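Q: First, the structure itself, so that you have it in front of you.
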């Protein structure tokens with residue numbers, strides 16, 4: 236509970252009606268969650284406008300409404316007008332929850348690729364070092380024994396501030412956060428100063444209706460992280476990121492492989508360890524030594540460099556950094572599932588042509604006797620992606636198993652036919668099995684010694700989206716069911 240006048244102290248506002256001397260019991264932006272004494276903040280989204288739901292919020296007990304255009308409410312309600320309700324929500328939420336970010340060392344990570352893996356690496360390093368830490372991102376919201384799923388990589392500001400408050404109350408001293416371009420564009424991280432802001436890389440993505448109008452706007456939104464960070468860390472091998480960092484006029488530290496950097500990896504090798512596929516490299520620059528990474532891929536070398544740099548800036552001892560990286564496990568990101576001594580099985584989230592090609596090229600570097608790829612494409616999404624992914628699969632896989640992956644409102648067999656259009660441009664061998672569980676069963680029961688099997692697209696997801704419904708579906712459970720059925 237807080238006083239309205241106190242909550243508004245950092246906002247530029249106009250009181251259209253009502254009193255400022257009243258208590259606010261909670262803040263909400265969902266009219267259905269309004270209660271007696273609530274402040275309802277009207278957010279304008281792509282499909283819905285919160286201003287259209289003011290009456291419902293008031294009926295549920297809201298006594299304060301925050302709007303961004305003039306409205307008249309025939310009730311004893313205080314109406315506050317602001318320039319941008321999303322910006323106001325962030326400021327009001329931070330104040331309501333006592334500005335919890337000021338009591339945490341917050342690490343923000345943005346970039347087209349690598350946010351989740353880098354965040355998980357940093358989080359696990361902190362935990363290995365005995366630090367109480369929280370994490371907010373694609374995987375969900377974690378701290379202590381808490382694990383909350385959330386649909387957006389970067390939640391709305393109200394959720395962030397609420398969770399940060401709970402982290403502080405639970406004794407956390409650190410928070411690692413994935414910061415999406417939409418999160419920066421829509422003011423979700425306003426009111427937070429990052430101790431370290433990481434910019435991993437950038438490539439054209441999230442450009443289109445409801446996202447970003449152009450690559451220039453996308454880059455501009457990503458670059459806002461510099462102004463929100465006390466210190467910045469950038470990928471020295473990404474020229475767009477370097478230019479953006481220089482343009483910001485703020486100091487930064489670099490990591491990379493190809494160009495000179497403060498943290499640089501060299502002598503990189505692909506390693507087949509007994510328990511996992513991994514990488515090994517020599518670290519030089521601000522610190523040096525041999526790093527063994529328990530997850531494959533050059534892009535994960537980059538992610539680990541960023542994680543090492545962050546943790547060194549936070550004074551986390553090197554031995555905990557190295558231990559965490561060797562034992563690193565990231566759900567749905569090159570996640571190895573131990574099934575047989577004869578072949579290896581991985582689950583990965585790659586679901587567009589670029590990440591898919593990176594995935595398969597990485598796995599080919601381990602020289603499997605056969606690379607078997609199982610994947611599908613999401614419904615109500617670009618057909619071009621399907622053609623491209625089909626062509627990549629046919630070119631880089633020895634065997635491809637086409638199946639279903641979030642068909643949404645499309646017929647999954649139509650999606651598979653689109654993928655097949657791209658695959659037919661190659662000489663790759665493939666089979667179509669629409670039911671994903673049956674496809675997994677086929678992959679495992681037909682596995683040969685020396686195979687490397689990858690289930691791509693679902694990653695950490697535990698559902699299948701069909702016609703507006705989210706049905707529970709976890710590939711790990713499917714694998715267990717197949718093993719039990721066929722008596723592995």
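Numbering (this note's numbering), first residue to last: 236 to 723.
By construction, the Cβ of each residue, glycine as well, lies at the ideal position given by its N, Cα and C atoms.
These numbers come from a predicted model, not from an experiment.
Please report the residue range of the alpha helix (DSSP H) in which residue 563 lies.
A: Per DSSP, residue 563 belongs to no alpha helix (DSSP H) and is neither H nor E.
Q: Please state the DSSP three-state secondary structure of residue 243.
A: The answer is coil: DSSP assigns residue 243 none of H, G, I, E or B.
Q: What residues in its chain sit with their C-beta under 6 Å from that of residue 483, if we drop five residues either side in the sequence?
A: Hits under 6 Å: 461.
Q: Is residue 608 helix, strand or coil when you go by DSSP?
A: DSSP places residue 608 in strand when its eight states are reduced to three.
Q: Please list the segments of the alpha helix (DSSP H) lying wholly inside the region 631–680, counting only runs of 4 or more residues, in order along the chain.
A: Whole alpha helix (DSSP H) segments, 4+ residues: 647–658 and 671–680.
Q: Out of curiosity, what's the CA-to-CA distance linking residue 601 and residue 639?
A: Going from the Cα of residue 601 to the Cα of residue 639 covers about 27 Å.
Q: Hey, would you say residue 346 sits closer than 8 Å to residue 436, going by beta carbons?
A: Yes; because the gap between Cβ atoms is below 8 Å, this pair is in contact.
Q: My output table needs one value for residue 261: the three-state DSSP class, helix, strand or coil.
A: Note: residue 261 maps to strand in three-state DSSP.
Q: Can you name, in chain order, every residue of its own chain whose Cβ lies under 8 Å from the Cβ of residue 247, other than the five neighbours on each side?
A: If we look at residue 247 and ignore the five residues flanking it on each side, its Cβ neighbours are 317 and 318.
Q: What are the start and end residues of the alpha helix (DSSP H) that includes residue 359?
A: 350–363 is the span of the alpha helix (DSSP H), which, as asked, contains residue 359.
Q: To the nearest angstrom, how far is the alpha carbon of residue 621 from that of residue 632?
A: Their backbone Cα atoms lie some 16 Å apart in a straight line.
Q: For residue 481, count the other beta carbons within 10 Å of its own beta carbon; 16 or more makes it buried, fewer makes it exposed. Which is it?
A: Burial call: exposed.
Q: Alpha helix (DSSP H) containing residue 394: first to last residue?
A: Unbroken alpha helix (DSSP H) run through residue 394: 392–404.
Q: Could you tell me whether the Cβ atoms of residue 488 and residue 434 are closer together than 8 Å?
A: The answer is no: Cβ separation not under 8 Å.
Q: Sort 701, 361 and 644 by Cα distance to residue 543 and report the nearest one.
A: Closest by alpha carbon: 361.
Q: Count the other CB atoms within 10 Å of the CB of residue 497; is the residue buried (16 or more) or exposed (fewer)?
A: Looking at its Cβ environment, which holds 16 or more other Cβ atoms inside 10 Å, residue 497 is buried.
Q: Compare the Cα-Cα distances from residue 407 to each of 366, 514 and 626 and report the closest residue.
A: Ranking 366, 514 and 626 by Cα distance to residue 407 puts 366 first.
Q: Taking the straight line between their C-alpha atoms, what separation do you get for residue 342 and residue 352?
A: Looking at the two C-alpha atoms, the distance is approximately 14 Å.
Q: Label residue 679 either buried or exposed according to how many other C-beta atoms from any shown protein chain fall within 10 Å of its C-beta, with 16 as the threshold for buried.
A: Residue 679 comes out buried.
Q: State the start and end residues of the unbroken beta strand (DSSP E) segment that holds residue 300.
A: Its beta strand (DSSP E) spans residues 299–302.
Q: I'd like the span of the beta strand (DSSP E) that includes residue 273, first residue to last.
A: Residues 273–276.
Q: Measuring CB to CB, does residue 272 end up less than 8 Å from residue 258?
A: Closer than 8 Å, so yes.
Q: Thinking residue 692 and residue 650 are a contact (beta carbons under 8 Å), I'd like their distance in whole angstroms, please.
A: Their Cβ separation, rounded to whole angstroms, is 12 Å, which puts residue 692 and residue 650 out of contact at 8 Å.
Q: If you drop the 5 nearest sequence neighbours on each side, which residues of the same chain put their C-beta closer than 7 Å to that of residue 269?
A: Cβ neighbours of residue 269 beyond the five flanking positions: 263, 275, 292, 295, 296 and 297.
Q: Residue ranges of each alpha helix (DSSP H) run of no fewer than 4 residues wholly in the region 458–495, ordered along the chain?
A: Whole alpha helix (DSSP H) segments, 4+ residues: 474–483.
Q: Would you report the Cα separation of residue 661 and residue 653, rounded to the nearest angstrom?
A: Going from the Cα of residue 661 to the Cα of residue 653 covers about 14 Å.
Q: Apply the 10 Å Cβ neighbour rule to residue 523 and answer buried if 16 or more other Cβ atoms are within range, or exposed otherwise.
A: Label assigned to residue 523: exposed.
Q: Should residue 516 and residue 541 be called a contact, given that it needs their Cβ atoms to be closer than 8 Å?
A: Against a cut-off of 8 Å, the Cβ pair of residue 541 and residue 516 comes out as no contact.
Q: Start and end of the alpha helix (DSSP H) containing residue 382?
A: Taken as a continuous stretch (DSSP letters only), residue 382 belongs to no alpha helix (DSSP H), being part of the beta strand (DSSP E) at 381–383.
Q: Entirely within the region 506–569 and at least 3 residues each: give me those beta strand (DSSP E) ranges in chain order.
A: 512–520 and 524–528, all fully within the region 506–569.
Q: Take the Cβ of residue 702 as the centre, count every other Cβ of all protein chains shown within 10 Å, and call the residue buried at 16 or more, exposed below.
A: With fewer than 16 other Cβ atoms within 10 Å, it is exposed.
Q: With a CB to CB cut of under 7 Å and the five nearest residues on each side skipped, what residues in its chain are close to residue 379?
A: Same-chain partners within the cutoff: 405.
Q: Who are the Cβ neighbours of residue 398 in its own chain at under 8 Å, not counting the five residues just before and after it?
A: The answer, listed in chain order, is 369, 371, 376, 378, 383 and 390.
Q: What does residue 237 pair with, by DSSP beta-bridge criteria?
A: According to DSSP, residue 237 bridges with 259.
Q: Please confirm if the region 319–338 is in contact with the region 418–430, defined as three or more CB-CB distances below 8 Å between the two stretches.
A: Yes, the region 319–338 touches the region 418–430.
Q: State yes or no: is the C-beta of residue 271 nearer than 7 Å to some heavy atom of the ligand ATP?
A: The ligand ATP is not part of this structure, which contains no ligands at all.
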